[in-house]
Each structure stands twice: as structure tokens, then as C-alpha cells.
């Protein structure tokens, strides 16, 4: 019985099947399988991804990467979501540590930078292995928690924010006015991406920043802010820079309602499917793909290799402990290629190539 | 009118009702003739309300038969009773103040004016106007009910009940449940004249604690005691003393208000008003209230006595003149300030302003001065329980325990808890705002005794009452107000009581 | 009369329904996953509930008198920012400052509510916006991480005493203080009276406005304390540190059986409610409830729990 | 403050002849606030008064208005509905999965709309039924269905966002009528407004909702079945939220489970700013329209006036306090909770 349920849930990977079921409102059939009990074999560590929520495509893809890696090594896999609540995120991790007795590898995208410290401390105490991504305090370093805190992976927002700005300026023909949509103000990626935008602006005096507004990563807010701008600046707006794809796509929709979609270039960041499609449709000028599939799978893989003794974190150089990953800049030039190889098909990754995308130690 | 001549409009035969542990109605038989007004009296607990609830379909009888126009029937629920021609005018007003008069009259029966799911307001309001004409009230059906005075609302309520004429097949029987308890004398006159005029359209069952009114309005009177009918007598042959005797099973005190027990008041002046005025409500009111004195204030609606009472209780600060309590000049902006100065307000809206119904008896008793129970910031629970128990005993409050919610007490016992609250707070002045409203005779007497007892201890009392008799009977001094000013000041010490006529002269 | 006595007898049982619900939930999870019942796990659960409990305790005071406080998560976040910004200079004084700011903020919200007669729902929602803005401005829109030295001031939050996490002890102290405030002081009694029957309380000389303002000040102070503790647990301050804690806090109060309309309730009910919320959440992780089903289960459990715990005998009309 | 019983007011102002209606001067205060607000913004940025901006305000207001209409009925009963986001999200997601989309082969076209409305009505009905039958306060019932609604939407999507490719559905937000030049979605919202107006003023349900808000026990005495009215009102509200979901999906061109984020508090704020009392019994959908416009104009205006992002939410809070304080008729309110 338990096996059957597991089997049923295991097939969750085939999302399209589920969507069809959902479309027919037959989802009720899926819900009896609410509880998935697993055996938690004593030797293989349980693999855990802790992410913000499964309600955004970015993290949903992240989760799929995690599932794929877990499957490749035959380990149990658990997803935890914070729902934007730091306390919940930390306590869920503590719960999973208690449940597994510390035999666990946790790949976590902390809800906010501060959460990383209690998470790392708890994992260290329980003897598990943890990899953090994106958010952590500057003074928290993996090498202070050997060997349990295996690595921290981030993507420097500054160069990519700058790259998107440059792609936008290029699409605009090098001059004109832009408006910019920022993420939640205290988030490090939001701050870094904005810093990249500012650098690009400094280097391009012909481009004028008409206004910067915070839309808190929210589609709806981005739509409303863009609407207000269309009133305020009208035709002065030559381009829109958004700190992520969701907000960028909302800006495209605001333009569409104004009859200007495709005429005013928009850039995003994250590389979600809809954004890539928008680039193909000529409505967006660029995005950056972090490859959340890689983040979700490779984070676990690094931790797994450490936990199973394939390498000793303490002996690795610092640029393997705290490093920037490599993002893929997608513009009209390479969008089709990216779409074919990463979205249409399930990406094929070598999970053993753990340092393959290291692009330098993180600088604070 | 001879009861035996025709088929009764409504008749109850051998009605039985039991609740766990209580035999609420024992073989109750009652006949109501077409066009007859039947009075129904009895002490609280005599079974009146149970009987009313059976008539209005809220309860089902355990035995016996209900016959309408001679045909046996059952009332499944309130709506069913309505359909069969039983209407009800409630003691607590049942109109929704946020709706218009017309909306209220046809609330629940809009179907008659609904075409394709849409209400035809024009037709509804026109029909409402016709209903209002039946009771001779000149109100725009579109007027907001909150803007009407109580008497008009009571008429609207009657008009609402009369809509049953159009729906019910047979003769209408209208239950009037304490309809006068919130009305002034003049309003009562109007109500009664309307009821008499409507006898051609309906029969009435009139339930009231005011025996004189029952005698005045009814053709015939049923007296209930302990769940059974103990008497059925023509109103013309009855008098108050006799009815009272039948209800309580003992003779009425020769003197209802026991003037003999009234003690003279002391010399110390507790409250002094000097040319007190508030906007258009009252002006230049002056009086002195002594320790142990009961000061009755008489007056009709608009005389300003209600507002004066509210000023003393701290709800409506005066804007001119002086008010001194114990020699100190005060102006109460909130009840809290009044309470701090030793005032205790016993409101007419007992269940709204008198008690926190969902708190225990003990908590209500100590609510007025928790401060004195507080030691180092904490309430002394043991002392609180001791005090509450003492007051419950002393005032003979019937409650299963001091932890019971006030919600579950009878009206009289609730009023005792309100009194206990102020006695416990050591109030120097009690403001009694219609203190016996809705209480039965026995409970009233207990309240009178308590008021006498506290005045004997030096507490001063300001009294506004439902009836002049009560005012005269209890007071040492009576002030009569008209149009916001004092028109008469009567000494009402035992032996020298003014007559009602004397006071009324100055009221209107 | 007999029915009356019966209802009091039933009252006794009804009082313990929230606790019974909690115990049953704990046992249910424990049977499926015995690791859940280990003392360390349960202590951890208690520690993880502390912040939620303290927030819920504050808002209990407001809910008791029939209001609501929607500013509490912004207040808690602001408090964490204040601690992070001032702890280097003020040391332990930073905690006092944060809680004092909370008291003042609550005072202002309460005054806006009673003086301007703005419904508390709107007054505190708006105040929450103001506090969020304030936190963004003073933190320069970033989260502020605390260094090693500053973390030394926070051992009363992060340490443990005889194996018991300090934060649990702090939570217990809050429980005792709040319970005494609510059940043994005039303030607590007045709150209940106002919640159950404001006109009668007013006519009885209760200074209704003052009691309300005190309740809002208490609520915001407790929220600030929760923010201080959160800052300790996460060693930082951030304008979004307490995000998504508002609704769980209010849910905790109601799940404990306190009436959202006021008048009926207690701090221990809030404690039980907060624990129920935690047990359900963490229990789902323990049981491995499918991640997509968690929100659905959580919503359903909330409704069922309230259906069990709420004391309808003291609520005239359920709205 | 005078939380005196109703007993006092009629005595003081007994004038049976004066045909006072439910809509009094006090209810015009929000309109005055709105006009003032518009004037201030227009002075600072004259673009505010352009036709283009008028259209954008209408666009920004259409969803809050539809949501506010539903919530008004609930708040008039003295209840509260927190399931706004849950039902909206679920409706938007189901719509996106039923019409031509980027995730599955469905293509029901406009036929999907009645189905989605049915889903909204269904969840609303569950709200009402659980609230009434289990006697769970509406606050908790709807909080629960909020979680459940978003949860089911999320489970249906598996975390993705689904692009809507159906031209007709997209046209709701993009195409405009040839006469005035308003997007069709705005016309739908206006239509909903009139439907709500009719329900409020001309149907028994509307009347009974007021009656329940005025006093449930008293309404019961007139033979009104409170539980039925409550269930119907919640069902009705669910339909309005579903319309909101359809418009949101059309506007963003996709269904995702975060589409409802932040809409609940905006909705309730708009209803209250309009002057509808949270205690129930007084208010109207007309007032909600004004409240929605105040809130929408305020957030539109803050961008136009160049108020820095970090203090916008604070300024909004203060403005809302001011607006409610100005429009509150303190004499009419006995107790404010």
C-alpha cells in the first residue's frame, strides 16, 4: 500500500499528465495520496530541498532538478517550502533533522539572508550536510562549519543586472528613457541587480532612468506600477528593466493593454519558460537563466558527494566553498537554442560534474 | 359579548408541555372569541411565555389540541403560525432599525411584490402605506426606522402584524407581548385606542405585567400560576387587588408601595443642581438631593427628564449651570467620571447597559469597583467571591452559582445583580431609570424593598419610572418636567402624597 | 434550572476541548513517527512556537475586547531592525528600546482607533503599512546581520538552560505574565467585559477608551518582543523578518477557542492554539505530507479545529 | 463617545415625517475625499486627468471593484470573507487550464467562463455551509478556504504558470470597445456593479442581507431563514471573486497561484473606506465603488506624484486613516471595534 502511494506520487514528475487531470477537475483522484511515507533507509542520506514555495515556476523547476538528482542516486527526497515565512522555514528544517537523525543533505534557498545562520547551526549540531544558495549573511562562511556546511552558491546580481540593462539599451538603440521595477527592497538579489542597473546607467549617459519603483516580485504590483508610468511618462518610456521575469512579463501585459507590446523592449531575470517564450515572440529583450534545475539538483549533488565521502569539504579551496554559479544570458540571438535544449526537453546534466559551473569566489 | 355564543377564533384545549424536570404547562385551556381582547397575566415562570411560544409555533405541545375556527391544527414553526393567522407583537422591539418602515412591514413576505425576482418597491411602499393607515400612523414607508420614536415603532409593528390579514385564510389572532413596557402613558393610550379600533379585524391576546392596563384593555382575563390557568374572569368584574391575589396566591399588601416603610431622609445634601441646562433638551433645572432621599422625576416624552437622567449618569454632559456632588462641582463627560463621583446608574436597557450578559454574576457585581479588590495590581479572587456571595445572599438573587452567566437569570434577578454592583461600589447616588420595567409584581416588590433599604442607609436616589403610581409611591419629592423645564415640585412624604391628577396637570 | 446546571457541567468539559485536540494531534503524529515524541523534538517544537505564541498573546488582548491588530508582523520586523541598528551602541538597552517603541506605536494605533473612531481592522492595517515603511527607511532597505560581538547579547534567546532552550523559558515567562494580566488584573477583567458587552461596561464606569489603548499598546509591545526574539534567533534585523506571521498568529488565537468577536478567551487557550498550529505544520513535515497538499490540509485542519474548540454557549450569534 | 443604546436616538430626533433614506450626507464624505484626492494629484501631475490615465485607473479598479462587490455583501451581514484570494486564484488557474493554453490540450473557449463561475459559487457555498452548519466563525472558515483554494490551485499547476492563448479571453483585458475606448473587462466590472446594485436594492436576498446585518435575531422573528441567506450570500460573493479571477487571468495573460497575492486587504480596505461598516447593517455597493476608486487613485497617484517607493505603503496607510476618519459619521456609530 505504502509502495503504491509512493509510486503514485513518484510519477508527479510527469507534470503534464497532472495538468490534464487537473484540467478535467479530476484532481480529487490525486489527493488521497496526501501522505507519502518513506522508509528512510539508514545509509543513504535523505535529500532535502528547502525553497520559498512551489507556486512559482522558478522554484518548481528547482524542485524538479532535485527530484531528478535524487532519483539518479536512489535516495529519498523531501521538499520543504517556507511560504515566505522565515520561522516556518527554519523550524521545518529542524523537524526534518529530528526525523532523520541528521542523516540528511539539505539544499536551501533561505527565505531571507538571516535564516541561513540558524539553519547552518542546526544542521551542524545534527551532523547533516547543508548547501545554501542566494541568501546568507556576509560573515557566515562554510569553512567555519567544517565539514557540515559544504558550500554556498550564489549568482552575482551585479553583472547580470548590468548585462540585462545593456541588452535593454541595445534594443532601444542606445538612448531614451527607461523605467525599472525592483524586487523586495531588503532582498540581496534585488539590491545587487539594481546595483548592476545603476552601473550600466552610469556608463550610458544617453539613457535616462525616468523612475524606479518597487513591485516586490509581484506580477500584480508590477502591472499597476507600469500602468501608472504609462500615464506619467507616456511615450518617454523607451524600455523597461525588471528585476525578475514575473514582473517583466506583467510589464509586457500592461504594454499590451496599451497596444504597445513588442514596441517597448522589456528585460527580466531568472529565465523562466514564459520569459523565454516572450523573447521568442519579440516582446522581451532578454533574461538571465540561472538554471534552477541545475541549482536544485547540483546543490544536492555537492552535498551528497560530501556526505558520502567523495570529497572532504574542509580540504576544498575557498572558491569551491563560496562561489558564483554561471548564469546564461538569453537574448533574441540564443533564445531558440536555449528553448530547445532546456525547456522542450528535460535538461541532461552530469550530476558528477560538481564544480563545472564555478565562476569565481564570492566577493563581499 | 358572550363567549358561548360563537365558535372561538382560537382555542387551546388541555395543552401540556414538559421540559426536562419541569412541567411547564398543565392542562391549559383557553378560548379566544373573534373580536375579543383576552388578557393573560401571571408571574414570571407561571407559563405565559411557554404558552406564547406554543401559539407562535416555536414550541410544539406535548399534549392537547389547538383549534383555529373550530378546526384542529398545528403550528409547525413561526412562519406556519403566521400563515394560519397568528401574529405577534413583541416586547423587545423586533423592527430592524437599519431598514425602512416599508421594508420592515413586509420583511420576509416580499414575495408578494416580487416579479421575476425583482422587488417592486413602489407597490410595496404603497401597500405599506395602506397598512400604516389601518393603524392610523402617518409615516412615510421609506423613512428609516431608526428615526422613529418607540410609540411609532410599536404602531409599525402592529401594522406589520396586520399584513397577515392578506395572507392568512381565517381570522387573525394577534399576540401582544408586553407591548406597553417601553411606552409612555400617552403612547399607551394611542396603542389601546388602535387595538380597540382593530377588534373588527382581529382578536388579541394581551400579555402584560401592568394589571391596570390589562383591566383597561381586555374583555376577559386569564390568570396563570405554576403552569396552569387558575382563573378566567370578565375584566369588568375584576380589580387589581383580586388579580394580584390570584397571581401570587397571597393578598396584595394593603398599600402597594408600603408608604409606611418609607423613612424620612437626612439633612446632608448629596447632589445639588443649579440652573443645569443641556442644549434644547432641558434648561435651568435646579434641585437638591439629600442623603436617603428618593427624588422622582415625572414628565412625558420630550419633557427632558430622560436627558437629565443621562446627564447625571455621565452620558450627556450638561453645557450650562452647575452640578455639585457632595459640595464639589462636577461635569461628567463619561459614565466613568460619574462613577468615580459615587453615582450608580441602573439603566432601563438592563440587558444592554446594565449587565454584561456573557460574564458571570460575580464579575458583574464587582465590575463597578474592581479597584478596591485589587492588591498589588492583582484582583483578590477570594475576596471577590466572598463579596459576590454576600451580595447574592443579601439581595436574595436566585442563581445556581455566582459563576453562572447573567444571561441565564430572570429579569428580576438580573436587576438585583445591577443593584448589587452599585451597592458593592458604595455608590452614594443611585439613578434608577425605569427600574421595574419588564418585571413581574413579585420582582417589583423586591426591588422596592431593596430601594427602601438602601435609602435607609443614606443612599440618595433619582427615579424616573414607567408609572406615576410608582413615582409617587416611592419618592420623597417629585419634580415634574415639561418641555425641558421644571414645572412643579411636590412634597411626597408619607401621608402627604400628591395625587396623579395633580402631577399630570403640570406634565401636559 | 436543571438545564442550567447541565450547561455548567458541559462547560467544564468544553474548556478542555482545545487541550484535548492538541494532545490527540501530538499522539497521532507520534504514532506514525515515533521520533516526533522524543523530548528533544518536542522541546524544539516548543522553541519554534515561542515567537508565534508571543505574537498571538499580544493580539489576544486586543481580540478579547473585540478588536483586531493587523500591524503585528510589521511591528515585529521593525523591532528586529531597531535591535540590529542599536545593539552595538546600546547593548541590552536595544531590546528595551525596541519594546518601548512597540508600546508607543501601540499607543498611537490605539489612539487613532478610539479617538478618530476608525475600525481597528483599518487603523492597524494602516499602521502596519507605516511601520513597514519606517523599517525600510531606517534599515536602508536591507537586512542587517549581527556580528559575533552583538550576538553575545543574545544568549538569553539563543542559549539553553539545563537542556531547555532559553527561548522556551522566555515563552513561559511571557505566558505567566500575560496570564496574570489577563485573568487576575482589573485590566483583564475590563477587557473581557468590553468584549462581551461594551455598553454595559461603559455604563458601569469602565474607562473603555483607556482599556482599549492599553490593549493595543500591549499587543504592539508583545509584537516588538517577538521581533526582538526573532532578531536573536536569526541574528539579524530585516524589514521583512516576521513576514507571513500575521495570519498564523491570529489563527492561533482563534484555534485556541478565543472568540474572534471578543469577550471569551484566555492566554492558555492561545498557547494551546499556537501549539496546535505548530504541531500541524511540523507534523506535516514529519508525516511527509505531500508538499502540494500541505496548504489544503492546513486549511481544513484550521476549520475543523475551530469547529471543535470554539465555545458557542458564550457567543450569541456566530458571524 | 456615547455607546448608549439605540434607545436614546429616537427620543432625541423623533421626526417620523422626515423621509430619511439610507443614503445620507455622511455617506457622501468618501466621494468628497475622492474628489479632493483627484484634485491634489492633478495639480501635482496634470497627466492624471488625461483620458489614457482614466482608462488605466478604470483598468486598475476593475478587479478590486468586482472583489469589493462580493465582499460588500458579506460585510453587510457583519461577517468577513478572507477567502477572496483563495477563490480568485483557484478561478484564474482553472480558467487558464480550461481555455486554449500552453500546458494542455483543452480549448473550451468562452464556455470555460460559466464553469469557472460555478467553481467560485461552489467554494462560496462551502464557505457558507461550513460557517452556518458547523457554526465556525466566518473569519476562520474563510481563512481555511483561503489556504485550501490557493493549495488546490497550486496542486493543479504543480508550480508552473500557464500562459493563456485564448484570444477571446485575452481580449477581455486588451481589446477596447469602439465607442468609449474602455477595455471590455472594465465593462464587465461595470455590468457586475449593476448586477450587484440590483441584487442589493431589488431582491429579497439583498434585503435579507441588510436585515441580518441589522439584527439576526430580529430578522429571524420575521421568518427569515438566516442560515439560508448566509449560504446564499457567501455563494454570491464566490461568484464575484470568480469574475475577479477571470479578469485577473485575462489581464496577466496567465494563470499562476500567486495571482491573488495582496488582494484581500485591498478589497476590505476599499469596502471600509467607502463607508460600509464592518459591524454590518449599513453600507452599499455604491459606497464600495467609491472606496475602490479612492484606493486605486491613491496608489496610482503616489507613483504619479513621485513618492519614494519605501514610504509609499506608509503614506497609503496614513491617507487611509485620514480618509476613514473624515468619512466616519461618528454620531451614527455606537461602538467601533
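Chains as they are written, first to last, in our numbering: chain Z, 1 to 364; chain B, 1001 to 1508; chain S, 2001 to 2319; chain D, 3001 to 3337. Even glycine gets a Cβ: it sits at the ideal position worked out from N, Cα and C. It should be emphasised that the depicted structure is a prediction, and the values quoted were computed from it without experimental measurement.
Less than 8 Å between CB atoms is the rule here; does residue i satisfy it with respect to chain Z?
i              : result
residue 3262/D : yes
residue 2280/S : no
residue 2043/S : no
residue 2145/S : yes
Check whether the Cβ of residue i lies closer than 8 Å to any Cβ atom in chain B.
i              : result
residue 2207/S : yes
residue 3092/D : no
residue 3023/D : Residue placement at residue 3023/D cannot be trusted, given a pLDDT of 45 that sits under 50; the coordinates are not used to answer.
residue 2103/S : no
residue 2324/S : The structure shown does not extend to residue 2324/S, since chain S spans only 2001 to 2319, so no value can be given for it.
residue 3117/D : no
Quick one: what does DSSP say residue i is sitting in, helix, strand or coil?
i              : result
residue 1154/B : helix
residue 1121/B : helix
residue 1290/B : strand
residue 273/Z  : helix
residue 3210/D : helix
residue 213/Z  : strand
residue 361/Z  : strand
residue 355/Z  : coil
residue 1143/B : coil
residue 3233/D : helix
residue 119/Z  : helix
With a cut-off of 8 Å on the beta carbons, I'd call residue i and residue j a contact; round off their distance for me.
i              : j              : result
residue 2168/S : residue 2274/S : About 13 Å separates the two Cβ atoms, so there is no contact after all.
residue 369/Z  : residue 307/Z  : Here chain Z covers residues 1 to 364 and nothing more, so residue 369/Z does not appear.
residue 2270/S : residue 2256/S : 5 Å
residue 172/Z  : residue 241/Z  : Contact flag wrong, Cβ pair sits at about 10 Å.
residue 257/Z  : residue 3189/D : Going by Cβ atoms, the distance from residue 257/Z to residue 3189/D rounds to 14 Å, so no, they are not a contact pair.
Check the Cβ-Cβ distances between residue i and every residue of chain D, and say whether any is below 8 Å.
i              : result
residue 2150/S : no
residue 1011/B : no
residue 2038/S : no
residue 1186/B : no
residue 189/Z  : no
Do residue i and the ligand SAM come close, with the Cβ less than 7 Å from some heavy atom?
i              : result
residue 3173/D : Although the ligand SAM was asked about, the structure shown includes no ligands whatsoever.
Within 8 Å of any Cβ in chain S, is that where the Cβ of residue i sits?
i              : result
residue 2975/D : There is no way to answer for residue 2975/D, as the model of chain D reaches only from 3001 to 3337.
residue 1358/B : yes
residue 1431/B : no
residue 44/Z   : no
When Cβ atoms are compared, which residues of the stretch 2225-2256 of chain S fall closer than 7 Å to chain D? 2247, 2251 and 2254
In chain order, what residues of the stretch 3069-3101 of chain D put their CB closer than 7 Å to some CB of chain Z? 3097 and 3098
Compile a chain-ordered list of the residues in the stretch 2283-2296 of chain S whose CB is closer than 7 Å to at least one CB of chain Z. 2285, 2286, 2287, 2288, 2289, 2290, 2291, 2292 and 2293
What residues in the stretch 3267-3281 of chain D bring their beta carbon closer than 9 Å to a beta carbon of chain S? 3268, 3269, 3272, 3273, 3277, 3278, 3279 and 3280
Contact set between the stretch 316-338 of chain Z and chain S, restricted to residues whose Cβ is under 8 Å from the partner: none
Which runs of the beta strand (DSSP E), 3 residues or longer, sit entirely within the stretch 261-315 of chain Z? 286-289
Residues in the stretch 224-252 of chain Z with C-beta within 9 Å of chain D's C-beta atoms, listed in sequence order? 224, 225, 227, 228, 229, 230, 231, 232, 233, 234, 246, 249, 250 and 252
Quick one, which residues of the stretch 3174-3206 of chain D are near chain S if we go by CB-CB under 9 Å, in chain order? none
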